[in-house]
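Residue numbering for the sequence shown follows the working numbering, starting at 735 and increasing by one per position.
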Amino acid sequence: MSLDGAFLHIVTNELQPLIGARVDKVYQPSREEIVVSLRTFRDGGKKIVLSANSVSARLNLTAASFENPQQPPMFCMLLRKHLSGGKLMAIRQDGLERVISLDFECTNEIGDIVTNTLVAEIMGRHSNIILVRDGRVIDSVKRITDDISSVRRVLPGIQYEAPPRQDRLCLLDCTPEQVLEAVQDSPERLCKKLTAVLEGVSPILTREIAWYCEKDTDVPCNALTEGGKQRLLILLYRIKGMLGGSPGEFTIVSEPGGKKKDFCFIGITQYSGSMTTARCDSANGLLDEFFASQDRSERTKQRAHDLLKLLMNSYERVSRKLELQKKELAECSEREVFRVRGDLINANIWRLEKGQSKAVLEDFTTGEPVEIQLDPRLTPAQNAQKYYTEYRKLDTAEKKLTELIASGKQELVYIDSVFDAVSRTDSELDLAEIRRELREQGYLKGGVRADEKVKKTSEPLHFRSTEGFEILVGRNNRQNDQLTLKTAKAADIWLHTQGIAGSHVIIRTEGRQPGEQTLFEAAQLAAFHSKGRSGSGVPVDYVAVKFVKKPAGAKPGMVIFTNNRTLYVTPDESLVNSLKAK
């Protein structure tokens, strides 16, 4: 998938009615994404999104809502300073290059009228958003130094140089006959040759041209029939017309599962039914729809990555603390030595005097001589008390360390459970719930994100066994608690992987007794929705809900249970999918 220069040309044609609009606000939802809110007299507010993200670089009109950081980034503040209140004067594109310039008439600090240009370079991983005045860079989303590129620098204060234009035919200037003449004798595949000869065309477009010509996306140029050549000219004239303003056939191509794969401004027939297609009303509307789901997916992945990193750091911190506590506990095992020495001093106190630095006394048990160090500044009784004090100190430390180690082990189990939940989720709502949980548990600091303020909660996963029993699966710890402690009834069946982080699973019995098949299928769900999903022979405990309790003060998702039995299953994704409630 790539946004080509031809598609961008149609996008800019659709944006021309915005000329004359004023900049109302500027936002920067993410590091590589800018949203310019415009105010028009005729249509009210409009938003243009500019993205320099390597997988979703684009420029288009958008109706999407964006979550903005509480503290605007520096580049956003700079754009607000130079663009706020400015008037959009032009939207320019050099040929069919993937570089779009938005010219704004603005007032500078001393009241003079100046032109500030926001340049969007839509070039995959080389994409950038640059603010330019009088040919010089004010700043950019990505600063390009000599270390990054020896060809072209983008830094504040230097002269702005647009990416060099490639020496290719441009359908805005040339005729389709010139294109045919440039390709017809080549042994290369037509789709590949068109990409090399024409400016601003993407692989999906050139493959569709080849398919339209000969019903073969791999047809060589020199194998074109006379009919194929005529069809090539016809389609190139249609494309040229669309670039000039004729209606396009804005098409999204999706995989059978619904995942959006590609798009084009002409109808797509090359996949022969292996893909599905859907039409949109405009180029801008297509981009907004296509990238909306992709952006959500990328945001979810990034937020999940941030949480996983936080959890890994927390796990390592607790693990290090546990190791230190275990070492300290091992040292406490020597406490009896101090008590015995105190007893020996008291038993032989009549033989000892103040001022002695040591004494050799007979051990109570073995009868062997034992050398005991004494503080010559203390009396024998005070030396005995000193040993007793050290004994009590170590005894108290042992009790406290034993509690801390048990608590630390439970914390590792908890962190592992949250890590598993984050690893398995693909929902922004789930992540928001997990973030709220981590903030409540003290793992997250700082301001509350906007998505965390939303009180709406996600629903558990719903399945139905082949015997007709409803089975619920928690998505995260908060949901696990809700399922087990509030939703489930005493006679329902609770399942969880044994000693492995995972979801709570509930079989709703409704007064019936589930059979072995339902128990097996529910165990499959528990194993699949756990850290053991890729294992074999995964142990799954099951028990009536009435035997499951939550200890006072336990962390979310943590419970204890008795009277359990265990099943061993190997997770089967196809079986899990077959159980999804219709």
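Built from N, CA and C at the ideal position, the CB exists for glycine as well. As the structure is a prediction and not an experimental result, all values here were calculated from the model.
Nearest neighbour of residue 745, chosen from 918, 1044 and 826 [CA to CA]:
Position 11 of the sequence shown, counting from 1, holds the residue named residue 745. In terms of CA proximity to residue 745, 826 leads the group 918, 1044 and 826.
With a threshold of 16 other CB atoms inside 10 Å of the CB of residue 1276, please say whether the residue is buried or exposed. For the purposes of this step, residue 1276 is taken as residue 542 along the sequence shown, with counting starting at 1. Its Cβ being crowded by 16 or more others within 10 Å, residue 1276 is buried.
- prompt: Does the distance from the C-beta atom of residue 967 to that of residue 832 stay below 8 angstroms?
  reply: As a first step, residue 967 must be located in the sequence shown, where it is residue number 233. As a first step, residue 832 must be located in the sequence shown, where it is residue number 98. Contact check for residue 967 against residue 832 fails: the beta carbons are separated by 8 angstroms or more.
For residue 1056, which of 897, 1135 and 1087 has the nearest alpha-carbon? Walking along the sequence shown from the start, residue 1056 turns up at place 322. That would be 1135, whose Cα lies nearest to the Cα of residue 1056.
According to DSSP, what are the bridge partners of residue 759? Residue 759 sits at position 25 when you count from the first residue of the sequence shown. Beta-bridge pairing by DSSP links residue 759 to 771.
- Query: Straight-line CA distance for residue 1287 to residue 1175?
  - Reply: In the sequence shown, the residue the question calls residue 1287 occupies position 553. In the sequence shown, the residue the question calls residue 1175 occupies position 441. Rounded to the nearest angstrom, the two C-alpha atoms are 11 angstroms apart.
Separation of residue 1151 from residue 1022, as counted between CA atoms
Here residue 1022 refers to the residue found at position 288 of the sequence shown. Here residue 1151 refers to the residue found at position 417 of the sequence shown. Per the coordinates, the alpha-carbon of residue 1022 lies some 36 angstroms from the alpha-carbon of residue 1151.
key: Closest by C-alpha distance to residue 1240, when choosing among 1260, 1100, 915 and 1306   = Here residue 1240 refers to the residue found at position 506 of the sequence shown. Residue 1240 has its Cα closest to that of 1260, out of 1260, 1100, 915 and 1306.
Legend entry - Inter-residue spacing [alpha-carbon to alpha-carbon] between residue 894 and residue 762: Translated into the one-based positions of the sequence shown, residue 894 becomes position 160. Translated into the one-based positions of the sequence shown, residue 762 becomes position 28. Each residue's alpha carbon lies about 22 angstroms from the other.
- Query: What residues in its chain sit with their C-beta under 7 angstroms from that of residue 1168, if we drop five residues either side in the sequence?
  - Reply: Taking the sequence shown and counting its residues from 1, one reaches residue 1168 at position 434. Apart from sequence neighbours up to five positions away, the residues of its chain that approach residue 1168 with a beta-carbon distance below 7 angstroms are 1041, 1152, 1155, 1156 and 1210, ordered along the chain.
task = Let me know the secondary structure DSSP gives residue 781 once reduced to three states.
result = Walking along the sequence shown from the start, residue 781 turns up at place 47. In this structure, residue 781 counts as strand in the three-state DSSP scheme.
Roughly how far, in whole angstroms, is the beta-carbon of residue 904 from the beta-carbon of residue 829, given that I think they are within contact range, below 8 angstroms? Mapped onto the sequence shown, residue 904 falls at position 170. Mapped onto the sequence shown, residue 829 falls at position 95. Right, their Cβ atoms sit about 5 angstroms apart.
- Can you list, in chain order, the residues of its chain whose CB lies under 7 angstroms from that of residue 1270, leaving out five sequence neighbours each side? Within the sequence shown, the letter at position 536 stands for residue 1270. Closer than 7 angstroms at Cβ, skipping near neighbours: 1304.
Please return the same chain residues whose Cβ sits closer than 6 angstroms to the Cβ of residue 1302, not counting the five positions on each side in sequence.
The sequence position of residue 1302 within the sequence shown is 568, counting from 1. Excluding positions up to five away in sequence, the list reads 1271 and 1273.
- If residue 780 sits next to residue 774, beta carbons under 8 angstroms apart, how far is it from one beta carbon to the other, in whole angstroms? Within the sequence shown, residue 780 is the residue found at index 46, counting from 1. Within the sequence shown, residue 774 is the residue found at index 40, counting from 1. Sure, about 6 angstroms apart at Cβ, within 8 angstroms.
Do three or more CB pairs link the stretch 1098-1109 to the stretch 1023-1043 at distances below 8 angstroms? No: the two stretches stay apart, fewer than three of their Cβ pairs being nearer than 8 angstroms.
**Prompt:** How is residue 1204 classed by DSSP in three states: helix, strand or coil?
**Reply:** As a working mapping, residue 1204 is identified with position 470 in the sequence shown. Here residue 1204 sits in strand by DSSP.
What runs of the beta strand (DSSP E), each 3 residues or longer, lie entirely inside the stretch 898-963? The qualifying runs do not exist here; there are none.
Within this structure, are the beta carbons of residue 943 and residue 996 separated by less than 8 angstroms? For the purposes of this step, residue 943 is identified with residue 209 of the sequence shown, where counting begins at 1. For the purposes of this step, residue 996 is identified with residue 262 of the sequence shown, where counting begins at 1. Inclusion of residue 943 and residue 996 in the CB contact set at 8 angstroms is not warranted, their separation being larger than that value.
Using the C-alpha atoms, what's the distance from residue 1231 back to residue 1265? For the purposes of this step, residue 1265 is taken as residue 531 along the sequence shown, with counting starting at 1. For the purposes of this step, residue 1231 is taken as residue 497 along the sequence shown, with counting starting at 1. So the alpha carbons of these two residues sit roughly 9 angstroms apart.
**Prompt:** Where does residue 927 land, buried or exposed, given buried means 16+ other C-beta within 10 angstroms?
**Reply:** Counting from one through the sequence shown, the residue named residue 927 turns up at place 193. Taking every protein chain shown into account, the CB of residue 927 has 16 or more other CB atoms within 10 angstroms, so this residue is buried.
Exercise. Under three-state DSSP, which class holds residue 1299?
Worked result: Counting from one through the sequence shown, the residue named residue 1299 turns up at place 565. When secondary structure is reduced to three states using DSSP, residue 1299 falls in the strand class.
#### Entry: DSSP bridge partner residues for residue 1105 (one or two, in chain order)
Taking the sequence shown and counting its residues from 1, one reaches residue 1105 at position 371. In the DSSP output, where bridge partners are listed per residue, residue 1105 has 1094.
Length of the line joining the Cα atoms of residue 1164 and residue 900
Within the sequence shown, residue 1164 is the residue found at index 430, counting from 1. Within the sequence shown, residue 900 is the residue found at index 166, counting from 1. Taking the straight line joining both Cα atoms gives about 46 angstroms.
- Give the DSSP bridge partners of residue 997, in chain order. On the sequence shown, position 263 is the one that residue 997 refers to. Note: residue 997 sits in a beta bridge opposite 986.
So, at 6 angstroms on beta carbons, what are the nonlocal neighbours of residue 857 in its own chain, with the 5 sequence-adjacent residues on each side left out?
Position 123 of the sequence shown, counted from the start, is the residue given in the question as residue 857. Close CB contacts of residue 857 within its chain, under the 6 angstroms cut and outside five residues either way in sequence, are with 832 (chain order).
Should residue 919 be labelled buried (16 or more other beta-carbon atoms within 10 Å of its own) or exposed? Here residue 919 is taken as the residue at index 185 of the sequence shown, counted from 1. Around the beta carbon of residue 919, a 10 Å sphere encloses fewer than 16 other beta carbons of the protein chains shown; the residue is thus reported as exposed.
*asked:* So the candidates are 933, 766 and 1100; which of them puts its Cα closest to the Cα of residue 908?
replied: Counted from its first residue, the sequence shown places residue 908 at position 174. Nearest of 933, 766 and 1100 to residue 908, Cα basis: 933.
- prompt: Going by C-alpha distance, which of 1282, 1263 and 1281 is nearest residue 1311?
  reply: Start at 1 with the first residue of the sequence shown, and residue 1311 comes out as number 577. The option with the nearest alpha carbon to residue 1311 is 1263.
So, is residue 681 buried or exposed, given that buried needs 16 or more other C-beta atoms within 10 angstroms? The structure shown does not extend to residue 681, since the chain spans only 735 to 1316, so no value can be given for it.
Quick one: measure Cβ to Cβ for residue 697 and residue 1086, integer angstroms, because I've assumed they're closer than 8 angstroms. Examination of residue 697 is not possible in this model, given that the chain is present from 735 through 1316 alone.
*Reduced DSSP category for residue 895 - H, G, I as helix; E, B as strand; rest coil*: Position 161 of the sequence shown, counting from 1, holds the residue named residue 895. The answer is coil: DSSP assigns residue 895 none of H, G, I, E or B.
Range covered by the beta strand (DSSP E) that runs through residue 864
On the sequence shown, position 130 is the one that residue 864 refers to. That run of the beta strand (DSSP E) goes 862-867.
Checklist entry - Which residue from 1016, 1074 and 965 puts its Cα closest to that of residue 1122? => result Taking the first residue of the sequence shown as position 1, residue 1122 is located at position 388. With distances taken between CA atoms, residue 1122 lies nearest to 1074 out of 1016, 1074 and 965.
query = Based on Cα-Cα distance, which residue from 765, 924, 979 and 984 lies nearest to residue 876?
reply = Taking the sequence shown and counting its residues from 1, the one referred to as residue 876 is at position 142. Here the closest residue by C-alpha is 765.
Next on the checklist: Do residue 812 and residue 880 count as a contact pair if the criterion is CB distance below 8 angstroms?
Outcome noted: Along the sequence shown, one-based indexing puts residue 880 at 146. Along the sequence shown, one-based indexing puts residue 812 at 78. 8 angstroms or more divides the Cβ of residue 880 from the Cβ of residue 812.
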